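A.B. asks: Please read through the structure below; I'll follow up with questions.
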Amino acid sequence: MRSQLRPHWDAKAGTWDAHLPRSDLFAELLDTVLGAARPGPGDVALDLGAGSGFLTIPIAARAARTYALDHSQEMLRLLGDRVAAEGRTLFAKRGDLAGFAPPPERVDVVVSNYALHHLSHEGKRRLLRDAHDFMAPGGRFVVSDLMVPLTLRPGESGPLIRKVASIARKGPAGWWRIAKNLVRWGTGRGEYPASLEFWQGALHAAGFVDVGGRHVGEESGVAWGTKPAVAG
Ligand SMILES: C[S@@+](CC[C@H](N)C(=O)[O-])C[C@H]1O[C@@H](n2cnc3c(N)ncnc32)[C@H](O)[C@@H]1O
Numbered sequence: 000m001r002s003q004l005r006p007h008w009d010a011k012a013g014t015w016d017a018h019l020p021r022s023d024l025f026a027e028l029l030d031t032v033l034g035a036a037r038p039g040p041g042d043v044a045l046d047l048g049a050g051s052g053f054l055t056i057p058i059a060a061r062a063a064r065t066y067a068l069d070h071s072q073e074m075l076r077l078l079g080d081r082v083a084a085e086g087r088t089l090f091a092k093r094g095d096l097a098g099f100a101p102p103p104e105r106v107d108v109v110v111s112n113y114a115l116h117h118l119s120h121e122g123k124r125r126l127l128r129d130a131h132d133f134m135a136p137g138g139r140f141v142v143s144d145l146m147v148p149l150t151l152r153p154g155e156s157g158p159l160i161r162k163v164a165s166i167a168r169k170g171p172a173g174w175w176r177i178a179k180n181l182v183r184w185g186t187g188r189g190e191y192p193a194s195l196e197f198w199q200g201a202l203h204a205a206g207f208v209d210v211g212g213r214h215v216g217e218e219s220g221v222a223w224g225t226k227p228a229v230a231g
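Oh and the sequence shown: position 21 is 20 in numbering that gives the first Met the number 0, straight run, nothing missing.
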């Protein structure tokens, strides 16, 4: 499936690194992901929605082999430049999170940062089931993302309303993002952040064990699970 969002990320690739990836929030997300994923010298790793390599580079420094998937050609070009500059070997592939061919070998560590909210909730569940199939026993799946529950239900809508308000405060660029999302939600192509509780439930449902997670900052979180070492 060709994604409608790719041109957006191609255009944004050159400026992305100067913003969130340099924030204290992302530094804490990175520490939390590395702590939960524990990539080691014998591991094969996969970064989903890798962008210009915020997670990929530190993971590649620890794992034996690292694969990166993204649908933005421009993000992958930046990632390639950074990896070459650091002398790492990386298998970067252009593909869509909503359906991609897994690496040609068992994967020990799957990570993702700020990308999986582009999938519908059913898409997230499907991805977890597929990952569980192609991961090695004992493998760790770690998702770091915007974790604001997408609901307007009374009592649960506060985080979403605060997030929309903070986007609106950015002025015309923020209003444009909100307007685009309203149109995309109407056509099933919006941003769909899920709560930490959603991710933990979906990890359990896909067969992962030792499921955990934590909130980071006001609107982000990291959730993780392990594929059982013995099928059961
Ligand atoms: C917010 S950026 C995060 C990039 C990187 N993970 C980071 O933390 O800096 C989101 C990334 O997800 C990619 N992306 C969004 N939707 C995608 C999809 N459907 N398939 C593949 N990549 C996608 C974008 O191209 C972009 O590189």
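Ideal Cβ positions, reconstructed from N, Cα and C, are used throughout, including at glycine. Everything numeric in this text was worked out from a predicted model, so none of it was measured.
Is the Cβ-Cβ distance between residue 129 and residue 43 less than 7 Å?
C.D. replies: Not in contact: residue 129 and residue 43 (Cβ atoms no closer than 7 Å).
A.B. asks: Could you pull out every unbroken alpha helix (DSSP H) segment of at least 4 residues lying fully inside the segment 122-204, listed in chain order?
C.D. replies: Segments of the alpha helix (DSSP H) lying fully in the segment 122-204: 157-167 and 171-185.
A.B. asks: Going straight from the alpha carbon of residue 40 to that of residue 121, what length do you get?
C.D. replies: Distance between the alpha carbons of residue 40 and residue 121: 34 Å.
A.B. asks: In whole angstroms, what separates the C-alpha of residue 192 from that of residue 63?
C.D. replies: So the alpha carbons of these two residues sit roughly 31 Å apart.
A.B. asks: Return the Cβ separation of residue 162 and residue 147 in integer angstroms, given the expectation that the two are a contact with Cβ distance under 8 Å.
C.D. replies: Right, the Cβ-Cβ distance comes to about 5 Å (below 8 Å), so this counts as a contact.
A.B. asks: Return the chain-ordered list of same chain residues with a C-beta closer than 7 Å to the C-beta of residue 158, the five sequence neighbours on each side being excluded.
C.D. replies: Taken in chain order, the residues that qualify are 147, 148 and 218.
A.B. asks: When you compare each of 80, 83 and 69 to residue 94 by their alpha carbons, which one comes out closest?
C.D. replies: Nearest of 80, 83 and 69 to residue 94, Cα basis: 69.
A.B. asks: Spell out the partners DSSP gives residue 111 in its beta bridges.
C.D. replies: DSSP lists 47 and 142 as partners of residue 111.
A.B. asks: With 16 other CB atoms within 10 Å as the buried threshold, where does residue 1 fall?
C.D. replies: Below a pLDDT of 50, predicted positions are generally treated as unreliable, and residue 1, at 45, falls in that range; no measurement from the model is reported.
A.B. asks: Considering only the alpha carbon of each residue, which of 99, 46, 71 and 52 lies closest to residue 84?
C.D. replies: The option with the nearest alpha carbon to residue 84 is 52.
A.B. asks: Going by DSSP in three states, residue 31 sits in which element: helix, strand or coil?
C.D. replies: Here residue 31 sits in helix by DSSP.
A.B. asks: So which of 27, 74 and 65 has the shortest CA-CA distance to residue 14?
C.D. replies: It is 74.
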